[in-house]
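Single-structure report; data block below.
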Amino acid sequence: MDVTTDAAAGAVGPWLIVGLGNPGPEYAMNRHNVGFMVADLLAERIGGRFKRAGKAQAQVVEGRIGPAGPGSRRVVLAKPMSYMNLSGGPVNALREFYKVPVAQVVAVHDELDIDFGTLRLKLGGGDNGHNGLKSLTKAFGREYHRVRFGIGRPPGRMQVADFVLKDFSSAERKELDYLVDRAADAVECLVIEGLERAQGSYNS
Numbered sequence: 007m008d009v010t011t012d013a014a015a016g017a018v019g020p021w022l023i024v025g026l027g028n029p030g031p032e033y034a035m036n037r038h039n040v041g042f043m044v045a046d047l048l049a050e051r052i053g054g055r056f057k058r059a060g061k062a063q064a065q066v067v068e069g070r071i072g073p074a075g076p077g078s079r080r081v082v083l084a085k086p087m088s089y090m091n092l093s094g095g096p097v098n099a100l101r102e103f104y105k106v107p108v109a110q111v112v113a114v115h116d117e118l119d120i121d122f123g124t125l126r127l128k129l130g131g132g133d134n135g136h137n138g139l140k141s142l143t144k145a146f147g148r149e150y151h152r153v154r155f156g157i158g159r160p161p162g163r164m165q166v167a168d169f170v171l172k173d174f175s176s177a178e179r180k181e182l183d184y185l186v187d188r189a190a191d192a193v194e195c196l197v198i199e200g201l202e203r204a205q206g207s208y209n210s
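Residue numbers (this note's numbering): 7 to 210.
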């Protein structure tokens, strides 16, 4: 793929937006798969369908987000197909293929230490025990953007691993479509208008 300068973005190459999750229908509605849900919605918005990315262990959609014309941004949406704790390899392969700077990678993921449905956007930082983030950071460093979707802490003595691999509750599912839609809006705002504007609008 030829790399061209996106003058509106002031950057070379596309943004790489990564939804983190686990492949397979048995995981589809797990809390750990909310990143996949957001990526699926973004793909729907740009009229694309996920396809296998050559030799990379991932599915991708290429397109543009934002208003038509110079205000839009080139993006590659990605879902690693390697399972959560091995996400870094496929994502780094895509990053190198599309020549995406680390600062133009956006990881969308579940976050235990934030109340359900709350969003937090940031650049860099630790992984807070999240295996997907650990793998990304090991592969290409920590200075990528994160869109953190709160899922809350497990109730009682439930183990974290059990909690994240359970489906959203029936009460949570009543709000889930709206919240995933809002997270997709936050990703678009981040890419088009920048982190500070997106934080001001969506960090709740």
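We put the beta carbon where it would ideally sit given N, CA and C, even for glycine. Source: prediction; values computed, not measured.
Going by the beta-carbon positions, is the gap between V40 and G54 smaller than 8 Å? The Cβ atoms of V40 and G54 do not sit closer than 8 Å to each other.
In terms of alpha-carbon separation, which member of D116, K105 and L83 lies closest to L35? What sits at residue 35 in the sequence shown is Met, not Leu. Residue D116 is the option with its Cα nearest to M35.
Which value, in whole angstroms, describes the spacing of the CA atoms of G94 and A64? When the Cα atoms are used, G94 and A64 turn out to be separated by approximately 11 Å.
Between the alpha carbons of L83 and K57, how many angstroms are there, rounded? So the alpha carbons of these two residues sit roughly 10 Å apart.
Do R101 and V111 have their C-beta atoms within less than 8 Å of each other? Less than 8 Å divides the Cβ of R101 from the Cβ of V111.
Spatial neighbours of D168 within its chain, please: C-beta separation below 8 Å, excluding the five flanking residues on both sides. Correct list, in chain order: P160.
Are the beta-carbon atoms of V197 and V44 separated by less than 8 Å? No. Outside cutoff.
Work out the CA separation of G162 and P20 for me, nearest whole Å. C-alpha separation (whole angstroms): 43 Å.
Please confirm whether M90 and N134 have their CB atoms less than 8 Å apart. In this structure, N134 does not lie closer than 8 Å to M90 by Cβ.
May I have the straight-line CA-CA distance separating N98 from E194, to the nearest angstrom? N98 and E194 have their C-alpha atoms spaced approximately 22 Å apart.
Among P96, K128 and E32, nearest to S207 - alpha-carbon criterion: With distances taken between Cα atoms, S207 lies closest to K128.
What does A192 pair with, by DSSP beta-bridge criteria? Per DSSP, A192 has no beta-bridge partner at all.
Sort F122, F146 and Y104 by Cα distance to G60 and report the nearest one. That would be Y104, whose Cα lies nearest to the Cα of G60.
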